[in-house]
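Residue numbers for the sequence shown follow our numbering, so the first one is 15 and each next one is one higher. Heads up, the beta-carbon is just placed ideally off N, CA and C, and yes, glycines get one too. For clarity, every value in this text was computed on a predicted model and none was experimentally measured. All remarks here apply to the structure that follows.
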Amino acid sequence: MNESQQWLTHYDDVHMHVFGKPLRVMDHGQGARIWDIDGNEYLDFLAGIAVNALGYAHPAWVKACSEQAAKVAHVSNYFATKPQIELAQKLIDLADAPQGSHVYFGNSGAEANEAALKLAKLYGHTLPGAKTAVDGKPTRILALTHGFHGRTMGALSATWKPAIRKPFEPLLPDIEFIEANNLEAMHDAFAETGVGIYGKGPVAAVIMELIQGEAGVMPLDADYVRGVRKLCDNHKALLIIDEVQTGMGRTGSWFAFQREDLGGVRPDIVSFAKGVAGGFPMGGIIAFGEELSALFSAGKHGSTFAGNPLGAACALATIDTIEHDGLISNAEQRGEQLRRQVMNCGNSLFTSVRGRGLLNAITLKHPCAHAAMEWALDHGLIINAVAPNALRLAPPLIISEQDVDEAVNILKHIPTDLSND
């Protein structure tokens with residue numbers, strides 16, 4: 015039994031089994047590569063599920079983290095810190111949010127979406143016909159089929175996948191699922207708003223990912239996104255865009271909503287997490303405009319660790335590096351290279367590649383994604399079986415042309431006769 019196997023046996027003894035059995039026990043990383051405790055080297059094309067934007071042990075990130083840790087790591091939200099304030103302003107600027115927009119910090123993507131849903135609930139109370147009025151009705155939140163927004167109770171209530179929802183039902187009421195990319199279905203959902211016994215309450219918000227990551231990296235149609243934005247405008251509903259996986263340069267723009275081929279619309283609330291702090295746990299929302307931001311008054315929401323200076327310093331270093339090293343342009347260029355080379359590599363198992371920037375999925379001729387993922391791992395490449403017939407590729411934004419060449423050289427040799435999941 016090697017060292018990894020010994021530690022995995024210990025892991026099994028002490029950890030709840032919510033993640034399944036870990037594939038390896040990792041030890042250290044550098045750049046886009048990571049080594050397990052047995053010394054095996056891997057080219058990482060998953061980046062901690064789109065988290066490690068700068069890869070491993072990036073000098074700017076390490077410097078910012080260590081220097082801030084030596085000053086102060088946590089002060090609670092009774093106090094503010096300079097990194098926290100600077101980061102909030104930077105995110106508002108990157109999102110091109112209007113004057114009066116504000117940021118709330120949390121610690122994860124699920125927490126970010128919890129905050130977005132709570133803010134939407136408060137906003138819903140201000141709508142005509144809402145429950146706060148005489149004979150008013152509960153406001154509704156519309157989510158999309160195949161959407162994923164987290165596993166906490168609120169975020170899970172807006173997450174589509176029945177297998178992870180049903181064990182915890184009943185969840186939050188008045189959240190409805192509308193077929194993704196079906197604008198007529200969304201129009202019908204809004205049209206159900208009305209007075210009387212047969213009418214439903216007003217729509218407070220629509221929540222959506224512009225690329226449905228956990229569903230298999232499936233981009234929404236740009237015309238559909240623009241149509242939903244128009245419906246929200248016409249009915250005074252909020253549009254919440256979940257950028258937990260797509261934000262911070264991942265898709266070749268700071269946020270996916272800034273891409274015309276994903277709609278190019280402005281959200282009312284954007285949630286972010288994963289890559290924002292380059293590996294330090296952080297998430298949050300940006301509320302666009304003064305009026306919406308003001309609904310989160312003192313005591314309406316909070317978190318002990320939210321916006322701590324250590325995380326904020328890591329995020330500022332991550333963003334600064336992405337800006338000054340041209341990593342958004344690199345994400346676009348390397349993504350185009352990756353999609354082109356995968357489709358030209360000659361592996362008949364691959365049927366298509368979809369995605370934007372460095373968030374992509376290879377679709378497979380038959381549902382053998384887990385076997386393909388494990389084969390790749392055994393041959394030194396980390397990818398993810400995001401769906402039975404899809405492999406997710408989300409490498410660090412720092413990957414080079416040579417890294418893509420190396421990854422595709424491994425991918426093209428994945429056997430075509432692997433067993434189905």
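Sort the options by Cα distance to residue i and report the nearest one.
| i | options | result |
| --- | --- | --- |
| K151 | P142, A157, D417, R179 | P142 |
| A126 | G114, T95, Q113, A172 | A172 |
| S226 | G161, A251, K104 | Going by the sequence as given, residue 226 is Gln instead of Ser. The candidate whose alpha carbon is nearest that of Q226 is G161. |
| S115 | T159, E305, E274 | E305 |
| V367 | G230, L234, T332, G213 | G230 |
| S285 | G360, H163, N16 | H163 |
| M357 | E346, N374, I342 | N374 |
| D275 | L60, A236, D107, I63 | A236 |
| A301 | W49, P97, A102, A64 | A102 |
| Q390 | G45, I413, T430 | The sequence shown places Ala at residue 390, not Gln. Among G45, I413, T430, the Cα nearest to that of A390 is on T430. |
| A396 | D27, L37, V28, P97 | Note that residue 396 corresponds to Ile in the displayed sequence, not to Ala. Answer by Cα proximity: L37. |
| V76 | I428, P402, Q44 | Q44 |
| Y137 | G266, A251, I428, H384 | A251 |
| T335 | Y56, W268, G34 | W268 |
| K288 | W21, L224, S122 | S122 |
| N361 | A87, I428, V279, W174 | I428 |
| H249 | A386, G34, A203, R273 | A203 |
| Q113 | E388, Y70, G303 | G303 |
| D419 | C359, T153, M387, R243 | C359 |
| G69 | N423, I424, I412 | I412 |
How close, in whole Å, do the beta carbons of residue i and residue j come, if the pair is a contact with beta carbons under 8 Å?
| i | j | result |
| --- | --- | --- |
| I155 | A84 | Not a contact, Cβ separation roughly 43 Å. |
| L352 | L407 | 7 Å |
| L372 | R348 | 6 Å |
| V400 | E228 | 7 Å |
| A404 | T95 | Wrong, their Cβ atoms sit about 41 Å apart, outside the cutoff. |
| V39 | I51 | 5 Å |
| V117 | L105 | 6 Å |
| Q82 | L324 | 5 Å |
| A199 | E193 | 5 Å |
| W49 | D58 | Actually they are not in contact, since the Cβ atoms of W49 and D58 sit about 10 Å apart, beyond 8 Å. |
| D417 | A46 | 5 Å |
| A144 | N322 | Not quite, the Cβ-Cβ distance comes to about 35 Å (not below 8 Å), so this is no contact. |
Taking the C-alpha atoms as reference points, what is the distance between residue i and residue j?
| i | j | result |
| --- | --- | --- |
| E100 | N91 | 16 Å |
| H338 | M232 | 30 Å |
| T23 | M222 | 39 Å |
| T377 | H139 | 43 Å |
| I189 | E183 | 13 Å |
| A421 | P73 | 24 Å |
| P216 | L245 | 12 Å |
| N344 | D392 | 28 Å |
| G263 | D149 | 46 Å |
| G394 | A308 | 50 Å |
| N54 | D247 | 53 Å |
| R179 | F191 | 13 Å |
| C328 | G208 | 48 Å |
| A1 | A331 | This structure cannot settle anything about residue 1, because the visible part of the chain is limited to 15 through 435. |
| A181 | S414 | Here the sequence assigns Pro to residue 181, which means Ala is not the residue at that position. Going from the Cα of P181 to the Cα of S414 covers about 43 Å. |
| Y56 | H384 | 17 Å |
| T260 | E17 | 36 Å |
| M30 | T146 | 42 Å |
| V28 | P295 | 23 Å |
| P176 | K426 | 34 Å |
| E350 | G369 | 10 Å |
| K35 | V258 | 25 Å |
| L158 | W174 | 7 Å |
Report all residues from its chain with a CB closer than 8 Å to the CB of residue i; omit the five preceding and five following residues, and keep chain order.
| i | result |
| --- | --- |
| G168 | N127, E128, L131, K132, L186 |
| K314 | K132, L136 |
| R240 | G277, G278, V279 |
| W21 | V39, I51 |
| A78 | A327, C328, L330, A331 |
Are there any heavy atoms of the ligand ATP lying less than 6 Å away from the beta-carbon of residue i, as far as the coordinates show?
| i | result |
| --- | --- |
| G230 | This structure lacks the ligand ATP, and indeed carries no ligand of any kind. |
Quick one: what's got a C-beta closer than 6 Å to residue i's C-beta in the same chain, skipping five residues either side?
| i | result |
| --- | --- |
| N66 | G293, P410 |
| T166 | A124, E128 |
| P281 | L253, I255, F271 |
| E346 | G266, G371 |
| P402 | P381, A383, D435 |
| N398 | L60, R406 |
Please go through the same chain and pick out, in chain order, the residues whose beta-carbon is closer than 7 Å to the beta-carbon of residue i, but skip the five residues on each side of it.
| i | result |
| --- | --- |
| Y238 | N195, L197 |
| G120 | A126, A129, G297, G298, S317, A320 |
| C382 | L432, S433, N434, D435 |
| T365 | T377, L378, K379 |
| I333 | K104 |
Let me know the alpha helix (DSSP H) ranges lying completely inside the region 313–382, each 4 residues or longer, listed in chain order. The qualifying runs are 323–338, 341–357.
To test your reading of the DSSP string, which unbroken alpha helix (DSSP H) runs of 4 or more residues are found completely within the region 213–251? Counting only runs that start and end inside the region 213–251, the alpha helix (DSSP H) elements of at least 4 residues fall at 236–249.
Considering only residues of the region 91–117, which uninterrupted alpha helix (DSSP H) runs meet the minimum length of 4 residues and lie entirely inside it, listed in chain order? Complete alpha helix (DSSP H) runs here, min 4: 96–108.
Fully enclosed by the region 109–182, which alpha helix (DSSP H) runs are 4 residues long or longer? Annotation: the region 109–182 contains the following complete segments of the alpha helix (DSSP H) (minimum length 4 residues), in chain order: 123–138, 167–171, 176–179.
Which runs of the alpha helix (DSSP H) spanning at least 4 residues fall entirely within the region 15–89, listed in chain order? Listed in chain order, the complete alpha helix (DSSP H) runs (minimum 4 residues) inside the region 15–89 are 17–28, 61–64, 73–85.
Just list the beta strand (DSSP E) runs in the region 248–298, keeping only unbroken ones of 3 residues or longer that don't cross its boundaries, in chain order. Runs found: 252–256, 283–286.
3-residue-minimum beta strand (DSSP E) runs that sit fully inside the region 393–433, ordered along the chain: You should have 398–401, 404–407.
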